[in-house]
Every structure is written in C-alpha cells, then in structure tokens.
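Sequences listed follow chains W, Z and H, in order.
Numbering-wise (this note's numbering), the first sequence opens with residue 3 and increments by one.
Numbering-wise (this note's numbering), the second sequence opens with residue 26 and increments by one.
Numbering-wise (this note's numbering), the third sequence opens with residue 720 and increments by one.
For glycine and all other residues, C-beta sits at the position ideal for the given N, C-alpha and C.
No experiment lies behind these values; they were computed from the predicted model shown.
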Amino acid sequence: MHRFLRLSILLISLFAASSFAADATQAVKMTEDSLGPLVEQPIEFPHFRHAGDVNKEHPEKGGMQIDCMYCHTFARRSAVAGIPPLQKCIGCHQSIESVRETPRIKKLFEYWEGSKDGKIAAKSPIPWKKVHDLPDFVRFNHERHIKRFVFQQNRPVQEACGYCHGDVKTMTVARRSKTLSMGFCVDCHKKDHLVSAEGGTAIGNQAYWYGFKKPVVNASAPLTAKGPNDCWQCHK
Amino acid sequence: MSVSNLLENWAEFRHTHPVDDVPHDPYKWAMSIDLDACTGCNACSVACYAENNLPVVGKEKFLHGQSMHWMRIERYWDEDGRDFPDQGAQFLPMMCQQCEAAPCETVCPVGATNHTPDGLNSQIYNRCVGSRYCSANCPFKVRYFNWYDYPTTDNVWPAEMSQQLNPDVTVRGKGVMEKCTFCVQRLTSAKNTAKNEGRIVHDGEVQTACQQACPPGAISFGNLVDADSKVFKQWKAQHVEIAEFEQAKDRGEQDNKLRGYRILEELRSYPSVMYLERVRETAV
Amino acid sequence: MIAGNAISDRAKDFPKNFAKGFVMMDSSFDRRDFLKVLGWGGATVALTGCGFTSVEDGKETVVSYVEATDFMVPSIGVYYNSTCAQCDAGCSINGRVREGRVLKLEGNPASAINRGKLCGLGQAGVQHHYNPDRVREPLLRNGEKGEAITWEKAYALIAEKLQGVSGEEIAFLTGAMSGHTKVLLENYLASFGCKNHFAYEAIAPGVVRAANKKAYGVAMPRFNISKAKLVLSFGADFLGSWVSPVHFSQQYGQFRKGADGQRGVLVQVESKMTLTGANADRWLVVRPGTEGILALGLVNALGTASGDVAAAVKDYDRARVSKDTGVSVEQIDKLVALLKSHSPSLVLAGSAAEGYAHGSQNAAAINLLNQVLGNVGKTVVGPVSVPFPQMSPVVGNTAALANVSDALDAGKYKVMFSCGVNPVFSAPTAMKFQEHFAKVGFKVAFAHYLDETALQADLVLPLDSALEDWGTSVPEYMAGDDAQINIQQPLMERLHANTRGFGDILLALLKQRNPESYKNYTDYYAYLRGAVLQNKNALGGSGADDDEFWDASLSNGIFKLAGSVANLSGSISAGSLSLPNAPVADAQYPLHLIPSVNANLRDGRNANQPWLQESPDPLTTIVWDSWVEIHPKKAAELGIVEGDIVEVAGKNGSIKAQAYLFPGIHPDAISVPLGRGHEAMGRYAKGFGVNPFHILDAVFDKETGELAMHETRVKVSKTGQRVIVVKDEGAAGGKQMGKKIAVRLNTDHVDLSKEV
C-alpha cells in the first residue's frame, strides 16, 4: 500500500511538473553572451594579430585584417568551418622572418619539421582543442549561413562570423562567447533574419501537427517562415 | 496541446487527410518496393546498419526483442496447410512507413516525433524522454527503443569499430526511441547541394542506403511531388493515391490487375511506402 | 563524438568530383603519399566517454589535416573505387572516406559485375577492416603462446627455415588467387622450383566447372538470366551465394520485369530450400541426389533429342522419374510444357546437384538438358578472357585440400605457408587435416585474425585488411562484354602500424631469393604501378602520360579491356553419362545431411563480422546461432519440437544444435548451415553455433575428386534439452493474421505491361 502511494505521488508530481512546463509560455532566457571556458591550446594562437584591425600608431600591437575565410576556408563550402591545415600556417610563416624565432612560431615549426626531442614527429597535426562544440544531435551548416550573409547580403565576413563566434578579432585564443544553445539559434531566426519559405505553403509551423490545429492560410500574405521549421533541419 | 483540443478534433483529424488542404511542396518523399523483385537477401538491412549507426545487440538482447534493425525483412509462408511451400516464401522489407497521419506522432507526450514539411515522420532524439507510447501505437512495429547505452556497452562499438560510425547520424544513447529516417542525412545534404544551385533535388540524385544496396533493384525512392520521378510514375501507374485509405481498385472502380498496395491502409495512417505485390506463374 | 561532428555534405557526383580532385593533385604526389599526408593515423577521437548529449568545449581534440588538397574538405565524403574482397565474385566497391576514415561501402556503378549494387556481405567489409580482433604484430609460437616479433626477425626466420629445403618440400596453400599477387606468388614458388601451390575453397563449384568444361568447352560461361524466359535451376542458389550472386540478383530484377514484357519464370529443383528456391515460381522438392534423374527425365519428355542422347535417356520415362525423384508426373508435364513455350530458357546446375559422389553425372545431365533446349549460345554464352593469362584466376576447390592433406600425411613438406584459407575449420574431421598439418616442421600463416588454422601455425604474419591493401584481381565469373581487371586500393591509412600487405610480404620474400630482379621495387605499390604502366598500351592507356593514366585508373577502379570471347562447343553428346539409381535408405543413418550455405556466412571466414551474425537468415530468421532444419512431418514422427536440442550423428562425429521446423526441406533430409561454430577468430565468431564441416564424411566425387558435401548420412535424436530459438519472425510468429501484408498474385490476375 505504502509503495503504491509513493508511486502515485510521484506520478502526480511528475504531471504537475510537466503541466507547469507546458503552461510557461516564455522560454527561459539564457544570456546571449555567456563565455565558455578558457581553453588551453597547444599553441596560443593570436587571433587579434591575424584578424584584428590595423593599429596605425603601434603596428606591432594591431592586426592584419586577414579575412576569416582565408584560414577557415571550408566554411563557405562545407557544413564545418574547419581548422586550417598545418600547411597553410607554414605557407605564410616560412617567409615571415621577423617572427620566425618567437616561441609560438618555433612551436609551430616543430609540428612541421619535428621537434628536436623527437616527441613530435614531422608533419603531425596540431592537437587543437575544440572551442565551439555542438552536441552530436545538432546539424549546423556553416555553408548556408556564409552563403546567405556574406555572398547574398554582402555583410562583412567578420560581422557574419561574429553572430555566433563573437568578436574573435580581439581575442588571442578563441573563446566561446555565445551560448550556442537552441534558444540562441531560435532567437535569431525569429527576430532578425527572416527566411522566405521556398515552397508555396504555410505548413511550416509544425505546431499545426502537434496542436491539431490547422493554420489559417492567408493567401495574400507573403509566404515567409521564420527560419527552419522542422526539427530535422537542425537535429539529426 | 490540450486534452480538450484533442477530444474535439480527434474525429476530424483521423478522417481528414493532411494533403487535402496542405499539399507538400516542393518535396514529398516516398518509396515503392517491388516484392516481385525482392529476394529477401537482407542486403538492405545490413546497408542500413552501416549507414545509420545501428548497434548490434547480440544474441541475448535479440531474444528479448531488443534488436535495432530499422529495416527488417519479414518472411511469411503460405498458411494453407500444404506439405511444402512450393511457391516459395514471401519476403517483405519493413521499415518506418513515414505515415502522413502517423499514429506515433499523436501520442508522443513531448512532441519528439513530428511531421516535416517534406512528408517525413521525424524523430528527435534529444527531445525524446522514452515513454515508448509511439512504439505501442505503431501498427507496423518499426520503432526501436534504446534499452541500453549501446555506445558504452561492451563489444557494440569497440574502439576500432567506432571509427566506422557515420558522423552525419547521431549515435543514440540510452532511453530514446529511434526508427528509419529515409536516410534524412542524405536528403539534407542533397537539398543543400540543390539549394546552392538554385533548384530542387532531381530524381535519382539521392538514394537511401537500402535502395542503393538492393541487388535486384526492388526499391525506388523519390519525390512524389515531382511528376518526373520514378516513384511518382509508379504510384500513378498503380492508381495508388496517398490521400486515400481505400484505393479505387479496392472499391471495385478499377480493374484489379494492378499490384500496388499499402500495408494496413485501412487504419488511415496514410503510409508513404507503396508495395507491389509478388507475382507467381500460374502455369507451373 | 567524432571529430568534425557537424553534419557533412555528401559529394554526390563522386566520380566527377573524384576525378577532378585527382587531376588537380600535384603529380609528384601519388596516391600512396596522399594517404600519408592526411596525417590522421589513428588520431581519431574514440567514442568512449562521450555521451550523445555532451558538449565539452575545450576537452575534445579536433584533428586537422596537415596538408590538404582541394577536394579534401572536412565533413564532405570523398569516394574511392576499389574491389570487394569479402568473397571471390569481384564486385567493385566505392568507399566513402571522410576525415581519413572509411565509413561505408557502396557498389561501383561502372562494374559490369555488380552495377552499383552490393550485398550484405560486401557491406560488412568495413567490419573486417575495423575488426577489433585483427592480428597486429607478427607472432612466433612459443609453446602455446604467440610472441610478438619484428618483421625483420620474421623474414630472417623464414629465410633460415627455408635454408637447404628443396622446392618439393615447400607447399603454399591459398584460396582463389588472381592478378599481380598471383604472379608474385608464382615467381616466388618458381624460385624454389616448387610446384606445390594449392588453391582451396571450401565452397566452390568445382564439379560444375568440370562439367561445364566438358559440355561447353569452358569452365565458367556467362549465364544471361535477364534474357531467359524461364530459369530452371537445379540447386544453384544464384540469388544467395552461388558464383556471383550480386550480379545474378541484379539480372534477376530485370528477368522478373521481362525483356519484352514477358515476366521470367523461375523453377528451382532441390531438396532444401535455398534463398533462390524461396523466390521460385515453383519450388520442386526432390529426393536428395536425384537432380540428374529429373534432368534426364525432362530431356526424355521433351522428345526432341536424337542419337546417343535419345538412347541415353530412353529409360527415364516419366513414371520412373517421378518414382525416383518424388516429383509428380503432372508437375513434370507442366514443366515440360513450360520449357517448350518459354524459349530461350536457362538451366543451371548448382551446389545441391554437384554435392554427391555422382555429382559430375548430375551436372552433366543438367548441362545436357541445357544443350537439348538449345540454350547454348543464347542464354549460356562464352565468357570474355583477360588478355593477360598470367593474371587470370587460379580457382579454388576442395580437391586441392584432399591432395594437400594426403601429401601432408606422407610427410612431404617441411615448410608450409597458408593464406586466406582456414582448413582446420572447414575440412571434415574424417580427412584428419589438422593431424596431417601438424607433421609440417614450420608452418607460416598469413592471417587477418587468429583463426583455427593460424592458431596451429608456428609463425603468424598479420595482413593488411582488404581496405588497406593494394592489389589487382581478375574475377572468375566475367560478367560483362569487356574483360575486367579489378583494382584494389587502400581506402585509408593502415589502422595498425605493423600489418603488411600480402603483396609486400611476397615481395620481401622474393627479395630474399632474388635480390637483383626486384631491387627496383621498394614495395608492392611500386611493383604494381610499374607493372601497370609497363602494360599501359594494352590496358587502354596508349599515349597517355604515366601519372595521368595511373591516377585515372585508380579513379576508375577497373580496367576494362576488349578480350577475346571464347566459343562454346556446339556438340551435344550424352557421352559417358551413367546416373546411379536413386539412393537406397540407410537403416542406421536414415537422413541426408545437407550442409547449407548462407548468403552472409558462406564458409565461415566472415563469421566475426557482427552485422552478419545479427542479420537474420532469410528463411529461418535465426541469428547468432546454428540450427537443424527438419521437416515438420519428420519432426512430428521423431517427437521433435522447435528449440529441442538435437544430436545430429553420422559416421564421423556428431553435433548438437537447436531444431527448427522448416517446411522447405525434404522429409528425408535435414540441414545445418555452414559458417558458424568457430573455436577461435575473436569475440564475434567464437562460441556461436556448431560447425557441420567437421562431421562430413570424406566422400568424393568420382570424376573430379571434389568433396561430396551432400553425401553424409546422419541420424537425429533428442537430447532432452530445449531452448528458445532466437529468431526474427515478429510478434505474430510470421503469420499475417488475415491482414493484407505480404501479398501474392498469380500471373493471370496481373497485367505488367503498363508498369513503370
């Protein structure tokens, strides 16, 4: 009897909890700017030197305004932006004598030429740590976003990348500066960046199915949907 | 979702087919399987394991009915008491039928399984809480539940084997339901390519893993909205309408020399898979 | 979580993409280097410790390319063509490679054999490659254990053991072989003057090859299933495991649709239903061993033969044939009528017909039927031969095993090599192979896994997987109008640093013998590339740049050459045909044992691939275990129900397995599938099921000396134990419960003409 009671209490409280969740119309807001952990990388890569703005007074402190996609070249043609191949780093740095003997560049060349103590073999990949990690069940496509913002709308690359990655050009080692949670994605897709639906239907609101209510089809209204509208667009 | 809404609209919902008023556009993925060509060889099933990161559960769990084959071959014998099955066996590849009015969707307490605009029945692992109502309500019994955390179970994916896992497909953990997705990762990718080129996906551009492997080519897959697609032509030739729960030939309005049918159509779940009946020679 | 875990794009138009990528590659940078520069070498992040919801910034390592070419984009699959090595059919595969790992195999559409299709066995090729139980180091026997040694030491040891040994005292046992490895192997053996190369395949159409050679003049003609209006198959499981099943299945799909709208009819004659039998329009169950009698009965009933053929079949009237085979007169009449109306037809002799002491006679009778029907030249056509005879296949058979076993018994060999075969597992105990094998002074096994044979060896040399190795092969069954040489190329870098390709090992051994001739070849890759470029003109690359031709060849995965088509002999002769009478009942061992060949497990070499273990047998739906198929009537007679553990006992031992009541078998026969029952070979193979190879009687076909696999007689008794059969029949026990689930129509109720 006791046991039975306990079970029903549990069930009731579960039900209460779920109905509470269902009633809450406002999703819990996460702060848009929440910093990820400081990540220790094998080489402390100075993003600000590469991508940062030119400092006319102290050129050695400023950046070189290199386009993000010069190194993260895969972003425009693949789902993942990718880490540049080691070859790319070496390609420039073998002809930049001025910094050749700095500690970080010496480290870099160890991965290319092999370290003197033999711990790093020649041409081994640098074991970078992941800074922006998404769960396995999320499908995010860099290509689509770059195509839209940079190539269709001609927005500055650093701005477009910055929507999710923050102001990387001011950072040394990159640090996650947005939550990259589902709320973060949806917020943006709802508010600022309307996506026009390609098809001719407004079936988009999947709530139609879920709520058993047919959407009011307004033939004269422009066919726009706010971002991807089926779960499989972003989940896998 | 509210209970009152459900009660009020239930009858209407069950009897009205979604595509009546909201047609799919530009995609409605559908399949047709020719049972006369199907040999029951299981190539499709193994291909599905390879593509979709299905765990091999082992003998004991298989015995408990916990196998995870999204695509399975059902085998039937004639039940007429002959000594020998001298007209062979009947094989039926069975996977999620991607019903238009899917019984699984309506019972999910958390909305983890939904309908997509291109006519698929999606399963969202991170939303699933494992109530298994969907599986209970599925007439085809094609939903599979993760009773165990297979990624950490011994010998399911030992270190070397985990390198084979397809990164485009989630590796499911314990407590979630899964099922055939019509290889949605391939569809997404094909749609992305098409979008880059400003067009829709052509027929034949995307194949499901089972279709690609099938040695006798029994499986066709494609876009039912596209009148040039093979699947569209096959459905049309067989006079099988997706929005009907009883086809013209069943009502006697067509000659019955057609082979197309959908399984358990009378339940009004409007499956997206059409089967073509097996044929046997009369003269021998 | 896997590195680069976001969703990828698939390179859909792979051949174009691939070729493009290839041409753009720096030409100093060949395919082998390409694999090196990936820089992945096993650095991929393991799955362990990463739940599917985890987000761990800063913890996971993301591995990048060291050097990348233009077509290498993370998350986008690149496809490489190679050749499937799971069986000998020679299907071309197309492997999807992403971030340095091979993920999935598809069929290569350009191959005339499989035309883009791939069977379950082929799909599981990745599990051969990633198998956790692969041998990783050369192992030297030390008592009961194997000690890891270096390759230098292994080679030195082989040289030492071969010191002072003559060519006659060395034997090399392999499976079927072709291509450049075969050339190297023959060169190696020739360097000793050794003629003892034995090609053994536990399941091979050895008798049928000999019968074909007699009837048609070639061992393996082409069978045009898609062009036949009727296929009459005597136990040839061409949809499951016979000769080139993916090719035949692909043809079968067309055959059912019909070349000119007339749907092809399939009739299967056998004692135990195979997958092909299960797809037949009519499955005719015959008494085991009487296939030839039925064939001659049909020749007689057709009434078109004359001369010595008519004389040879005159005794086979319908009444007698019906009595001997158990097929009703009415059914014979129907079949004859169908054979007359459906021309051209195609008659196939398969493993069920050849597996008897009179197997050659059976096969000859069946081929005679084909000739009498006038199918030769229409549905049985000449094969195309490759213009490089030195590369053409050495086909395997069981006669080779008998020969080698006898020679071993006589103590002829001091050093023996084995590669790609597992005779300790697949030889009948009655042949005492293991005992004879033990007499060899030094046994070297080339192995992927520690299988039963490798465990007997003194030195085990670990081989690269088929997806890591280089090679070429020539299929025995040449399906297309062009001759085809298949290329095998690595789909990824070596998984384990210390495995070696078979070609590389042979080359190293050849260098021991003949350093001068091979000094220019640093490795097998160099040899292969050299050999291909040397014959560039003949291989269709006349005038092409070497590098470009090589790259294009690898990109295609196949060399297609115009070969000469063999003419089939036109003479019809009953020759020395003399079929024995129908077998008499054996009081002590009343049942025929039919060892059945499952499409996935075959002779058991792939039994350690878990997808195959868990893939249900199509007919019984049983997984992970062996079973004894027994007709329900017979079972009732013996009081056996499903799941009873029964003992199957013959003259040469017994096995115990679960009983499965199976309607598709002759009541005087039982059937146990081959392939399971391993005592070694790793976690997925060891301890699952029983091995019927071991209880086979050592009876051989009288003409060819092939093992007569179906000649074993047994008795079945209950042990009193019972288990639940682990099978996949579904909740309703494989019943349709009156619903329209899997439905069948008769041809007079269907109109196929309007179908798409």
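Query	Result
Three-state secondary structure assigned by DSSP to Glu145(W)	helix
Ala1378(H), enclosing beta strand (DSSP E) - first and last residue	1372-1380
Residues that Leu858(H) bridges to, as DSSP identifies them	Ala867(H), Val1179(H)
Closest by C-alpha distance to His144(W), when choosing among Cys236(W), Thr104(W), Gly120(W)	Cys236(W)
Contacts around Asp143(Z), its chain only, beta-carbon distance under 7 Å, and the 5 residues preceding and following it disregarded	His49, Tyr52, Lys53, Trp54
Boundaries of the alpha helix (DSSP H) in which Arg1248(H) is found, first to last residue	1243-1253
When Leu859(H), Gly1323(H), Asn850(H) are compared against Gln1175(H), the one with the closest alpha-carbon	Leu859(H)
Beta-carbon proximity list for Asn1233(H), same chain, < 7 Å, skipping 5 on both sides	Ser910
Buried or exposed by the 16-neighbour rule on C-beta atoms within 10 Å, applied to Cys163(Z)	buried
Close-in-space but distant-in-sequence residues of the same chain around Ala1031(H) (CB under 6 Å, 5 per side omitted)	Ala1293, Leu1296
Residue from Val1444(H), Gln1455(H), Ala1461(H), Leu881(H) with nearest C-alpha to Lys86(Z)	Val1444(H)
Glu825(H): first and last residue of the uninterrupted alpha helix (DSSP H) it sits in	From DSSP, Glu825(H) is part of no alpha helix (DSSP H) but of the beta strand (DSSP E) over 820-826.
Per DSSP, the bridge partner or partners of Ile1349(H)	Leu1380(H), Ile1389(H)
Enclosing beta strand (DSSP E) for Gly796(H) [first to last residue]	795-802
Rounded separation between Ala873(H) and Glu46(W) - CA only	46 Å
8 Å Cβ cutoff, Asn171(Z) in contact with chain W	no
Of the residues Leu985(H), Thr780(H), Lys1042(H), Gly1457(H), the one placed nearest Val1005(H), counting alpha carbons only	Lys1042(H)
C-beta neighbour in chain Z for His237(W), strict 8 Å	yes
Residues near Thr1514(H) by beta carbon distance below 6 Å, same chain, minus five either side	Shown here, chain H extends from 720 to 1475; a query on residue 1514(H) therefore has no answer.
Backbone CA spacing between Gly1074(H) and Leu145(Z) [nearest angstrom]	50 Å
Beta bridge counterpart(s) of Ile1206(H) as assigned by DSSP	Thr1191(H)
Identity of the residue in Ser245(Z), Asn248(Z), Pro183(Z) nearest Tyr1403(H) by Cα	Pro183(Z)
Span separating the alpha-carbon of Cys73(Z) from that of Val81(Z)	12 Å
Status (buried if at least 16 other CB within 10 Å, exposed otherwise) for Ala1119(H)	buried
Against chain H: residues of the region 96-113 of chain Z by CB proximity under 9 Å	Arg97, Ile98, Glu99, Arg100, Tyr101, Trp102, Asp103, Glu104, Arg107, Asp108, Phe109, Pro110, Asp111, Gln112, Gly113
Contacts that Trp130(W) makes with chain H (C-beta to C-beta distance below 9 Å)	Thr780, Val781, Val782, Ser783
Where the beta strand (DSSP E) containing Phe891(H) begins and where it ends	889-893
Beta-carbon spacing of Pro127(W), Ser783(H) below 8 Å	yes
Cutoff 8 Å: Trp181(Z) Cβ touching any chain W Cβ	In the sequence on display, residue 181(Z) carries Val and not Trp. Not closer than 8 Å to any Cβ of chain W, the Cβ of Val181(Z) fails to qualify, so no.
Member of Lys274(Z), Ser254(Z), Glu269(Z), Leu190(Z) whose CA lies at the smallest distance from the CA of Gln263(Z)	Lys274(Z)
Under 7 Å (Cβ pairs) to chain Z, residues found in the region 822-837 of chain H	Leu822, Lys823, Glu825, Lys836, Leu837
Short CB-CB distance (under 8 Å) between Trp114(W) and chain Z	no
Proximity below 8 Å, CB of Asn943(H) to CB of Val937(H)	no
Test: Gln237(Z) CB closer than 8 Å to a CB of chain W	no
Any chain H beta carbon closer than 8 Å to Asn248(Z)	no
Of the residues Val962(H), Ala934(H), Arg1001(H), Lys1353(H), the one placed nearest Leu951(H), counting alpha carbons only	Arg1001(H)
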